[in-house]
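Undergrad:
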Amino acid sequence: DGGITQSPKYLFRKEGQNVTLSCEQNLNHDAMYWYRQDPGQGLRLIYYSQIVNDFQKGDIAEGYSVSREKKESFPLTVTSAQKNPTAFYLCASSISPESSYEQYFGPGTRLTVT
Amino acid sequence: SQQGEEDPQALSIQEGENATMNCSYKTSINNLQWYRQNSGRGLVHLILIRSNEREKHSGRLRVTLDTSKKSSSLLITASRAADTASYFCATELDTGNQFYFGTGTSLTVIP
Numbered sequence: 001d002g003g004i005t006q007s008p009k010y011l012f013r014k015e016g017q018n019v020t021l022s023c024e025q026n027l028n029h030d031a032m033y034w035y036r037q038d039p040g041q042g043l044r045l046i047y048y049s050q051i052v053n054d055f056q057k058g059d060i061a062e063g064y065s066v067s068r069e070k071k072e073s074f075p076l077t078v079t080s081a082q083k084n085p086t087a088f089y090l091c092a093s094s095i096s097p098e099s100s101y102e103q104y105f106g107p108g109t110r111l112t113v114t
Numbered sequence: 001s002q003q004g005e006e007d008p009q010a011l012s013i014q015e016g017e018n019a020t021m022n023c024s025y026k027t028s029i030n031n032l033q034w035y036r037q038n039s040g041r042g043l044v045h046l047i048l049i050r051s052n053e054r055e056k057h058s059g060r061l062r063v064t065l066d067t068s069k070k071s072s073s074l075l076i077t078a079s080r081a082a083d084t085a086s087y088f089c090a091t092e093l094d095t096g097n098q099f100y101f102g103t104g105t106s107l108t109v110i111p
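Residue numbers (this note's numbering), protein chains in the order written: chain L, 1 to 114; chain B, 1 to 111.
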């Protein structure tokens, strides 16, 4: 099956701990994205990557970090510097960042930090 | 912020009726896309309309775009209970590379 996978579906952490969310795609897409969604809200862009070994900050990058060592993988680390990390995190990819292509979304990871 | 605003925030209709939701945005765009999200799931792409297009159809979906008013509408005809979901518009700025999602319309279709 082709698509985007995110794991785990639910994640619980104690405050002050870093946590890494996984995102893998086998669609051979160049561009990958991380969004955060809070209850009843739209999506806000955290980071995006247009090509391997390159990524750019989105609107709310503070307290997050990413890497893009492989085309298929774009993990997101939520650091202890993120003030309100509890949220629903969505990873997406698109075939190319340079044109008007749709984004394909993973099923999401719900992170709860207490 | 470029983030779009959907209107209404919530909509409840009977099965078989049409559902219309609107999206307004602030700056020039390359294209506008509509996505659907079932509760607790990822988003699914529905339709894309480019800035030089005024109307597009896909099955029971009809999307219009008015760039002079910076607004778009999504019409779902003959709604079904399975259409119950949240619907988001996403705008790609004419500077490219990023999408900005609206706050969504929560649609409930009552069987």
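Where is the CB? At the ideal position from N, CA and C, for every residue including glycine. In this text the structure is predicted, and so the values were computed from the model without any measurement.
Kindly indicate which three-state DSSP category B:A19 falls into: helix, strand or coil?
TA: Three-state DSSP puts B:A19 in a strand.
Undergrad: B:N22 and B:L123 - do their beta-carbons sit closer together than 8 Å?
TA: Because chain B is modelled from 1 through 111, residue 123 of chain B falls outside the range shown and cannot be assessed.
Undergrad: Going by CA-CA distance only, name the one from B:E55, B:S71 and B:G42 that's closest to B:T64.
TA: Ranking the options by Cα distance to B:T64, first place goes to B:E55.
Undergrad: CB-CB under 6 Å to B:T77, same chain, minus the five flanking residues each way: which ones, in chain order?
TA: The answer, listed in chain order, is N18 and R60.
Undergrad: Output the boundary residues of the beta strand (DSSP E) element that contains L:H29.
TA: Segment: none, L:H29 is in no beta strand (DSSP E) and carries neither H nor E.
Undergrad: Compute the Euclidean distance between the alpha carbons of B:R80 and B:V44, then round it to the nearest angstrom.
TA: Each residue's alpha carbon lies about 17 Å from the other.
Undergrad: Identify every run of the beta strand (DSSP E) within the region 52-85 of chain L, keeping only runs that are complete inside it and at least 3 residues long; order them along the chain.
TA: Runs found: 54-57, 64-66 and 76-78.
Undergrad: Distance check for L:Y47 and B:F101, CA to CA, integer angstroms please.
TA: Looking at the two C-alpha atoms, the distance is approximately 14 Å.
Undergrad: List the residues of chain A that L:Q103 touches, going by C-beta distances under 9 Å, in chain order.
TA: Annotation note: the requested chain A is absent from the structure, which comprises protein chains L and B.
Undergrad: Taking 8 Å as the cut-off, decide whether the C-beta atoms of B:A82 and B:Q37 are in contact.
TA: No. Outside cutoff.
Undergrad: Assuming L:E24 is part of the beta strand (DSSP E), what are its boundary residues?
TA: Unbroken beta strand (DSSP E) run through L:E24: V19 to Q25.
Undergrad: What in chain B is Cβ-close to L:Q41, meaning under 7 Å?
TA: Within 7 Å Cβ-Cβ: T103.
Undergrad: Checking contacts by CB at 8 Å: is L:P8 closer than that to chain B?
TA: Taking Cβ atoms only, chain B never reaches closer than 8 Å to L:P8, which makes this a no.
Undergrad: Based on Cα-Cα distance, which residue from L:V19, L:D54 and L:F12 lies nearest to L:S32?
TA: The identity of residue 32 of chain L in the sequence shown is Met, whereas the question assumes Ser. Closest option to L:M32, Cα to Cα, is L:D54.
Undergrad: Of all the CB atoms in chain L, is at least one closer than 8 Å to the CB of B:L107?
TA: Not closer than 8 Å to any Cβ of chain L, the Cβ of B:L107 fails to qualify, so no.
Undergrad: Are there 16 or more other CB atoms within 10 angstroms of the CB of L:A81, so buried, or fewer, so exposed?
TA: That one is exposed.
Undergrad: Could you name the residues of the region 62-88 of chain L whose beta carbon sits closer than 8 Å to any beta carbon of chain B, in the order they occur along the chain?
TA: Flagged, chain order: F88.
Undergrad: Between the C-alpha atoms of B:T108 and L:L45, what's the straight-line distance to the nearest angstrom?
TA: Each residue's Cα considered, the two are about 27 Å apart.
Undergrad: Which residues of the region 46-64 of chain B have a Cβ closer than 8 Å to any Cβ of chain L? Give them in chain order.
TA: Here the close residues are L48 and R50.
Undergrad: DSSP state of L:D38, grouped into three classes?
TA: Coil, per DSSP.
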